[in-house]
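Per the working numbering, the sequence shown starts with residue 1337, numbered consecutively. Report on one structure; see the data block that follows.
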Amino acid sequence: MLLSTPLSAAESCTDPVARVVSLQGQVDLSVGGQGAWHPVAVGRALCPGDVVTVRAQGRAAVVFAGDVLTRLDQLTTLQVAAPPKAGDAALGLREGIAHFISRLKKRVEVISPVVNALVEGTEFTVAAHAGEGRVVVAEGRVRASNAAGEQVLRAGESVAVSAGQAPRRIDVRPLDAVQWAIHYPVLVWPARLTDGGVLPPNVIEARRLALRARYAEALAQVGEMDDPVVRAYRANLLLALGRVDQALALVDALGDAAAPGVAVRAAIAVANNAPERAATLAARALALDAGDAAAHLANSYALQSRGALDGALAAAAEATLRAPENPVAWARRAELALSLSQLADARRFAQHALTLDEGTLRARAMLGFAHLLAGDLTLAAGELSAAIEADPADPLARFAHGLTQIRQGRLAAGRRDLELAVLLDPSNGEYRATLGRAYMGEARDARAATQLQLAREIAPASPTAWFFSAQRRLLAGDVLGAIDDGEQALARNEARLNLRASALLDIDRAARGAALASAYQRAGFDHALTRVAADAVEDDGAGAAAHEAMAQAYGDDRRLEAARVSEQFQRFVFGALGQSPVAPQDLLSAPPILNGPRVLSLDETAALFEPRTSHFAASAIAGTQETWGTSVMASTQTERAQAAVGHFDYRSDGFQPDGDVDLSATRGEFRLQLSDAMRVFADMQHKDFVTRDITQSFFTNVDSAIAR
């Protein structure tokens, strides 16, 4: 029996062990496994004994206690078992396919009719159907067993199991096991039938539902119409639900009967990393109907996959010209404007899509992302939360929301959103690399290393995972490993041409070079440090990281003190809101005796990830000859402003008569971001230098030294 009243979060049990966080299509719950099925809502709490089933064309995501994330495919039935001890998770997979990510060192047991999987902190997929089973491991260690035997699996290994037989090893790529979970774009938005006729009401309603990510309902509305355009739309909806084989069969049967069908095939080719085939199919779609918006959108995806971002944006713009009422085209145009860092245009295009239909969730996610990149964190959080509430299965909205929370200082909550983004789109290497960086922020080094390795396997040409890995190794003290990974990141910088414009790649290269410079400095490779820092400044003269690297390069040469101070000041001028403030002693032309205390006071790890809402650092030094020094820095910020203050004191009697040195410096800074393109700042300094050692005054201006 299927009841029509959904069970909401308010009706949850008193001692839940799991919660539904995302669903698509029809997902039902049997409370306590008693047989009565009720539609379940996002946020519903689950107790031991509850049974969740995902109907045809559906998907769901469930988070269990102990930080276990689970994604369920269509036709999957999962029973929540009582955990053997607090924090552990036990699940009964009756039938179907489930993908698991466990992040804490807790035991997770998955029980199916033909094979059981026992794990501790890993990522894996379990399938069970008609007396057959399969376990595929992406990360960690899994023990797959039944009454006939067992196998211990590690990353990249798989087993198949038949009823009554021991598990046997097979060759299956982990990503192949989760093809159903990959996120595919919707680019078809039919405006008319193939013969130019008016769309029937059911297709118009399907368009409205699809914009709101209600793909299963949209698919039901479309039905089995024979019109080629409508059938192409049906194929795109199947693709959005992860039904790749069904979508391919439908568009292959269509052949060249309709441009939208060929456009869908081009989109699949892009997802399969076949840019040449995608370009060929997009050109064929345009040849069939140059006025079709889906053909131009397919061309934009094909051009982007080949690194032609400007051309991709032009193709999306052409789609909006051909179909100005098409909100899908406007959302895609906003997405590409974001890729080119054209934030004002991106917001304008996304707003226009929402004006056409306020339920265009892709446009809302793009608007939220644009606010995030512009530093409007409150607006970003609002838009992205609304997008997630309307479509909890959108990985991009989860990803952007996670970054927003991290920027707001909520690292654990942001990391959880990044984990959900990976669960919702496990083939996205950029998501995994960023998740690895979040683990670094939580000092979970093993988790970070695993995710960065998976990101490199998924996207071997991308520099992102190598860049974060270099930072991880530098923090761990593996300087030579950091240099190797940093050089790998630099070598791969141009591989992101499909994600970043050429000018932006120069900025990326400068940031990667600046990170590599820190490793060179630690290793004592002065020549390499100077070379990489100079290249970074040349690539991005307005980049704070590049100027900080150049200041590091000048730091050990007393003849270049004025240049070092200049570079540190430029770091302040060009720095983003939220970065660690410049210490007052770093803007002084320092005598030799101050080199030690200045280095001691640096906080090198504060800004490795995203800017924080506040910053505090303090250090002290003491020695013989009445020598002591202290340094204190503090800053705070809002979304549009940052204020910081620092004070430095150094005192010593010196090693000879009349060799005493007294130095103090106080500095305050203020920055206000008036708009995306305008920032005002103020820098206030006061310093006192008193000495009777005439040799020390050689390294200072006459006005700043007083001989007693």
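Using N, Cα and C, we set each Cβ at its ideal position, and we do this for glycine too.
Whose CA, out of ARG1658, LEU1633, ALA1634, LEU1672, lies closest to the CA of ARG1646?
For clarity, residue 1646 is Asp in the given sequence; the question names Arg instead. The option with the nearest alpha carbon to ASP1646 is LEU1672.
Distance check for ALA1869 and TYR1856, CA to CA, integer angstroms please.
10 Å
Using alpha carbons as the reference points, say which of ALA1782, ASP2019, VAL1471, GLU1778 lies closest to ALA1980.
ASP2019
If you measure between the beta carbons of LEU1771 and GLN1787, is that distance less than 7 Å?
yes
Could I get the ranges of all uninterrupted beta strand (DSSP E) runs contained in the region 1481-1512, with 3 residues as the minimum, in chain order?
1485-1490, 1494-1498, 1504-1506
To which residues does DSSP link MET1969 through a beta bridge?
Answer is ALA1953, GLY1982, bridged to MET1969.
Is ALA1496 a contact residue of the ligand NAD, with contact defined as CB to any heavy atom under 6 Å?
The ligand NAD is absent from the structure shown, which contains no ligand whatsoever.
Less than 7 Å separating the beta-carbons of ILE1794 and GLY1765?
yes
Just verifying my parser: in three-state terms, what is the DSSP assignment at GLY1877?
coil
Can you list, in chain order, the residues of its chain whose CB lies under 8 Å from that of GLY1718, leaving out five sequence neighbours each side?
Here the set comprises GLY1704.
In chain order, what residues of the same chain lie with their CB nearer than 6 Å to the CB of ALA1418, ignoring the 5 residues before and after it?
PRO1384
Measuring CB to CB, does MET1969 end up less than 7 Å from GLY1959?
no
Sort ASP1821, LEU1826, GLY1750, ALA1552 by Cα distance to GLY1777 and report the nearest one.
GLY1750
Would you call ALA1554 buried or exposed, if buried means 16 or more other Cβ atoms sit within 10 Å of its Cβ?
Within 10 angstroms of the beta-carbon of ALA1554 lie 16 or more other beta-carbons, which makes it buried.
Take the Cβ of GLU1661 as the centre, count every other Cβ of all protein chains shown within 10 Å, and call the residue buried at 16 or more, exposed below.
exposed
Starting from GLY2004, trace the beta strand (DSSP E) both ways and give me its first and last residue.
1997-2011
What is the C-beta distance between PHE1436 and VAL1473, in whole angstroms, given that I count them as a contact (C-beta under 8 Å)?
PHE1436 to VAL1473, Cβ: 10 Å. No contact.
One question on the structure: do VAL1399 and ARG1430 come within less than 7 Å of each other, judged by their Cβ atoms?
VAL1399 is not a Cβ neighbour of ARG1430, given a cutoff of 7 Å.
Under 7 Å Cβ to Cβ from VAL1598, same chain only, skipping five residues before and after it: list those, please.
For VAL1598, where only same-chain residues beyond five positions count, the Cβ hits under 7 Å are ASP1592, LEU1617, ARG1620, ALA1621, LEU1624.
Identify whether ASN1452 lies in helix, strand or coil by the three-state DSSP scheme.
strand
Apart from the five residues just before and just after ASP2024, which ones in its own chain have a Cβ nearer than 6 Å to its Cβ?
SER2000
What number of angstroms, rounded off, separates the C-alpha of LEU1709 from the C-alpha of VAL1497?
So the alpha carbons of these two residues sit roughly 48 Å apart.
Here's the rule I'm using: 16 or more other beta-carbon atoms within 10 Å means buried, otherwise exposed. How should PRO1796 be labelled?
exposed
Among residues of its own chain, excluding the 5 on either side of PRO1611, which ones have a beta-carbon nearer than 6 Å to its beta-carbon?
SER1641, ARG1642
With respect to the alpha helix (DSSP H) encompassing GLN1787, which residues constitute its N-terminal and C-terminal limits?
1781-1794
Take SER1636 and list the residues in its own chain whose beta-carbon comes closer than 6 Å to its own, dropping the five residues that flank it on each side.
ALA1648, ALA1651, ALA1652
Between which two residues does the beta strand (DSSP E) harbouring ARG2085 extend?
Given that the chain is displayed from residue 1337 to residue 2044, the structure contains no residue 2085 and the question cannot be resolved.
With DSSP run on the structure shown, which of helix, strand or coil describes ALA1354?
strand
By the 10 Å Cβ neighbour count, where 16 or more other Cβ atoms means buried, how is ALA1571 classified, buried or exposed?
buried
Per DSSP, which one or two residues make a beta bridge with GLN1415?
VAL1387, GLY1428
CB LEU1335 to CB GLY1695, shorter than 7 Å?
Here the chain has residues from 1337 to 2044 only, and residue 1335 is not among them.
By the 10 Å Cβ neighbour count, where 16 or more other Cβ atoms means buried, how is ASN1609 classified, buried or exposed?
exposed
Between which two residues does the beta strand (DSSP E) carrying VAL1522 extend?
Per DSSP, VAL1522 belongs to no beta strand (DSSP E) and is neither H nor E.
In whole angstroms, what is the alpha-carbon distance linking SER1438 and ALA1615?
Roughly 39 Å between the two C-alpha positions.
What do you reckon, are the CB atoms on PRO1731 and SER1358 nearer than 7 Å?
no
Compare the beta carbon distance of LEU1720 and HIS1737 with 7 Å and say whether it is the shorter of the two.
yes
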